[in-house]
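So the protein lines, in turn, are chains A and B. Going by the numbering used here, the first sequence opens with residue 1, and the numbers climb by one from there. Going by the numbering used here, the second sequence opens with residue 174, and the numbers climb by one from there. Beta carbons are placed, not taken as given, at the ideal position from N, Cα and C, and that holds for glycine. Bear in mind the structure is a predicted one, so any value in this text is a computation, not a measurement. Beneath this line is the structure, given in C-alpha cells, with notes to follow.
2 protein chains.
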Amino acid sequence: MEGQMALAAMVTRRELPKGHLLLEQGKVCQHFYLLEQGSARGYYNHEGKDVSLWFAFEGDVLTSLYSYATGKPSYTNIELLEDSAVIGFTFDQLNALLESYPEFNLIGRLLTEQYFIELEERTLSFQFKTATERYHELITKQPQILQRASLGHIASFLGVSQETLSRIRAKRE
Amino acid sequence: MEGQMALAAMVTRRELPKGHLLLEQGKVCQHFYLLEQGSARGYYNHEGKDVSLWFAFEGDVLTSLYSYATGKPSYTNIELLEDSAVIGFTFDQLNALLESYPEFNLIGRLLTEQYFIELEERTLSFQFKTATERYHELITKQPQILQRASLGHIASFLGVSQETLSRIRAKRE
DNA sequence: TGCCGATTTTGACAAAAGTCAAAAGAAATC
DNA sequence: GATTTCTTTTGACTTTTGTCAAAATCGGCA
Chain A
1 MEGQMALAAM VTRRELPKGH LLLEQGKVCQ HFYLLEQGSA RGYYNHEGKD
51 VSLWFAFEGD VLTSLYSYAT GKPSYTNIEL LEDSAVIGFT FDQLNALLES
101 YPEFNLIGRL LTEQYFIELE ERTLSFQFKT ATERYHELIT KQPQILQRAS
151 LGHIASFLGV SQETLSRIRA KRE
Chain B
174 MEGQMALAAM VTRRELPKGH LLLEQGKVCQ HFYLLEQGSA RGYYNHEGKD
224 VSLWFAFEGD VLTSLYSYAT GKPSYTNIEL LEDSAVIGFT FDQLNALLES
274 YPEFNLIGRL LTEQYFIELE ERTLSFQFKT ATERYHELIT KQPQILQRAS
324 LGHIASFLGV SQETLSRIRA KRE
C-alpha cells in the first residue's frame with residue numbers, strides 16, 4: 001500500500017505534439033515514460049541516416065534501457081509519431097523506489113527479460129531471413145506499425161533501403 | 174551469510190567433452206551454468222542450417238534466458254566447443270533462492286540488462302553495417318571468437334555465407 | 001479547387017552477397 | 001606416414017539489394 005502511494009506521488013502526465021523528442025541522442029536519459037495515447041519510435045542517427053530501432057504504441061514503455069543501466073549518454077532518439085499523452089517519472093525517483101521497496105526489482109527483472117526476448121527474435125530474423133520474409137513477418141506480428149509509421153521509417157527498421165521495401169510491397173501484398 | 178551457504182550447497186561442478194550438448198532445441202532449459210574452463214556456443218537450427226547465436230568463454234553464463242523467463246522449450250542448442258568445466262544449478266534451485274532472498278532479483282535484473290545491451294549492439298550492427306564492417310568489428314571487440322571458433326560458425330554468427338566470409342578475410346586482414 | 005511539400009514508386013545501373021561445384025589445406029585416425 | 005575426413009579457399013555465375021535520379025502520388029492548406 002505504501003509502495004503504491006509512493007509511486008502515485010511521483011508520476012506526472014503530459015500531452016505532447018507530434019514530432020516532440022522525449023530523448024535526444026547524446027543526452028543521458030533521465031525518465032521512464034508510459035505511452036498512454038499515441039505512438040512513438042526510437043531511432044539512431046548513423047552517418048546522417050536515420051535508422052528506426054523500434055516503434056511503440058498505447059501501453060508501451062518509452063526509455064533508453066541502455067542509458068538507464070549504464071548512466072551513459074543515449075545513442076537513441078525517442079520521437080512522437082503522433083500527438084500523444086505520456087505518464088513519466090525520473091530515474092532518480094525510480095531508484096529511490098527500488099531502494100525502499102526492493103521487491104520492485106522483480107518487476108524490473110521481468111520487464112527487462114521481456115525486452116530481451118523481443119530483441120532476440122528481431123536479431124534472429126536479421127540473421128537468417130531475407131528482407132521480404134522480414135516484411136511479411138512484420139505484417140503478421142505488428143500490423144500497427146504498417147498503418148502508423150511511414151515507409152522510410154519502416155524500411156530502416158527492417159534494415160533495407162526505402163526503394164527495396166517499396167518493390168517488395170509492389171510484388172504481392 | 175546464509176544466502177552464501179544456500180548457494181554453495183546447490184552448486185555442482187562437471188567436466189564435459191567437446192561437442193557435448195548442455196541444452197537441446199525443443200527441450201525446456203532447466204539449468205544455469207557458469208563456464209569455468211573451455212568455450213561454448215549457442216546455435217539455432219534453421220531449415221537444416223546451423224546458425225550460431227553467441228559464443229561464450231571462461232566466466233560467461235550459459236543458459237536460455239528465453240526458456241527460463243517463459244518456461245517454454247528453448248529454440249537454441251548449447252554446445253561445448255572444447256573440453257570444458259561448468260558449474261551448474263537448476264532453475265528450481267534458483268527460483269527458491271530468489272524467493273528466500275529477494276535481493277538476488279537485483280543481480281538478475283542487472284545481468285539481464287547487460288545481456289540486453291550486448292544484444293542491442295549486435296542488432297544495430299546487422300541493421301546498418303555491411304558484412305565486412307561486422308567482421309572487422311568482431312576482430313576488434315571479440316578476438317577470442319576468431320581464434321577459437323571455426324569459420325563456418327563465425328560466418329553464420331555474422332549472418333553471411335561461409336564463402337563470403339572467406340573472401341572478406343582474403344582481401345585484407 | 002489548386003498548389004506545395006513530402007512521400008512513394010519506378011527505371012537503369014552498380015555493388016554486395018548467395019549458390020553450386022571443385023580444389024586446396026588441415027587435422028584426425030589408423 | 002598414408003589415408004580419410006573436415007575445413008577453408010577459389011572460380012563462375014545468379015540473385016538480391018543499394019544508389020542515384022526522375023516521375024508519380026498523396027495530403028494538407030491557402
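For chain A, find out if any of its Cβ atoms is closer than 8 Å to the Cβ of His408(B); answer yes or no.
Chain B is shown from 174 up to 346; residue 408(B) falls before or after that span and cannot be answered.
Is the shortest distance between the beta-carbon of Gln300(B) and the beta-carbons of chain A less than 8 Å?
Judged by the 8 Å Cβ criterion, Gln300(B) is in contact with chain A.
Determine the chain A residues that contact Phe289(B) at a beta-carbon separation under 7 Å, and present them in chain order.
Leu65, Thr112, Tyr115, Phe116, Leu119
Quick one: Cα of His20(A) to Cα of Pro190(B), how far?
56 Å
Quick test of your reading: Val333(B) and Phe128(A), contact by CB under 8 Å. State the CB separation rounded to the nearest angstrom.
Actually they do not touch by this definition, with Cβ atoms about 11 Å apart.
So which of Lys49(A), Leu62(A), Met10(A) has the shortest CA-CA distance to Leu35(A)?
Comparing Cα-Cα distances from Leu35(A) to each of Lys49(A), Leu62(A), Met10(A), the minimum goes to Leu62(A).
In the DSSP assignment, what are the bridge partners of Arg14(A)?
Partner residues in the beta bridge of Arg14(A), as assigned by DSSP, are Val86(A).
With DSSP as the reference, label Gly209(B) as helix, strand or coil.
One point to set straight first is that residue 209(B) is Glu, not Gly, in the sequence displayed. Glu209(B): strand per DSSP, three-state reduction.
Please state whether the Cβ-Cβ distance between Phe57(A) and Ala149(A) is less than 8 Å.
no
Roughly how many angstroms lie between the CA atoms of Val201(B) and Gln210(B), to the nearest whole one?
25 Å
Could you pull out every residue in the same chain whose Cβ sits closer than 8 Å to the Cβ of Phe264(B), ignoring the five residues on either side in sequence?
Cys202, Gln203, His204, Phe205, Tyr241
Partners in chain A for Lys242(B), counting only beta-carbon separations shorter than 7 Å:
Contrary to the premise, residue 242(B) reads as Ala rather than Lys in this sequence. Residues of chain A passing the Cβ test: Glu113, Ile117.
Looking at the secondary structure, which residues open and close the alpha helix (DSSP H) in which Ser225(B) lies?
Element bounds for Ser225(B): not the alpha helix (DSSP H) but the beta strand (DSSP E), 222–229.
Within 7 Å: the Cβ of Gln162(A) and any heavy atom of the ligand GTP?
No copy of the ligand GTP appears in this structure; indeed no ligand is present at all.
Going by other Cβ atoms of all chains shown within 10 Å of its Cβ, with 16 needed for buried, is Ala197(A) buried or exposed?
Residue coverage of chain A in this structure runs from 1 to 173, which leaves residue 197(A) outside it and unanswerable.
Any chance the segment 101–112 of chain A sits against the segment 277–296 of chain B, with 3 or more Cβ pairs inside 8 Å?
yes
Under 7 Å Cβ to Cβ from Ser64(A), same chain only, skipping five residues before and after it: list those, please.
Leu23, Cys29, Ser74, Thr76
Spatial neighbours of Val11(A) in its chain, beta-carbon cut-off 7 Å, leaving aside the 5 residues before and after
Ile87, Phe89
Sequence ranges, beta strand (DSSP E) only - wholly within the segment 62–121 of chain A, length at least 3:
77–80, 84–90
Just tell me which of Glu113(A), Thr140(A), Phe126(A) has its CA closest to the CA of Leu157(A).
The residue you asked about is not Leu; residue 157(A) is Phe in the sequence shown. For the residues Glu113(A), Thr140(A), Phe126(A), the minimum Cα distance to Phe157(A) belongs to Phe126(A).
How far does the alpha helix (DSSP H) with Lys302(B) in it extend, from its first residue to its last?
Element bounds for Lys302(B): n/a, residue is neither H nor E.
How would you write the range of the alpha helix (DSSP H) that Ala328(B) sits in, first residue to last?
324–331
Check the Cβ-Cβ distances between Arg340(B) and every residue of chain A, and say whether any is below 8 Å.
no
Evaluate Glu336(B) with the Cβ neighbour count: other Cβ atoms within 10 Å of its Cβ, from every protein chain shown; 16 or more gives buried, anything less gives exposed.
Exposed.
Please compile the residues from chain B whose C-beta is within a distance smaller than 9 Å of the C-beta of Pro102(A).
Pro275, Glu276, Asn278, Leu279
With 8 Å as the threshold, decide whether the Cβ of Val86(A) is near any Cβ in chain B.
no
Within-8 Å CB hit, Arg41(A) to chain B:
no
Taking Thr70(A) as the reference, which of Lys314(B), Leu284(B), Gly199(B) has the closest Cα?
Leu284(B)
So, helix, strand or coil for His309(B), using DSSP?
helix
Under 7 Å Cβ-Cβ, which residues of chain A neighbour Val224(B)?
Gln127, Phe128
Report yes or no: is there a C-beta of chain B within less than 8 Å of the C-beta of Thr132(A)?
No - not a single Cβ of chain B is within 8 Å of the one on Thr132(A).
Do you know whose CA, among Glu133(A), Thr130(A), Leu81(A), lies nearest Gln195(A)'s CA?
Residue 195(A) cannot be examined here, being either before or after the span of chain A that is shown, 1 to 173.
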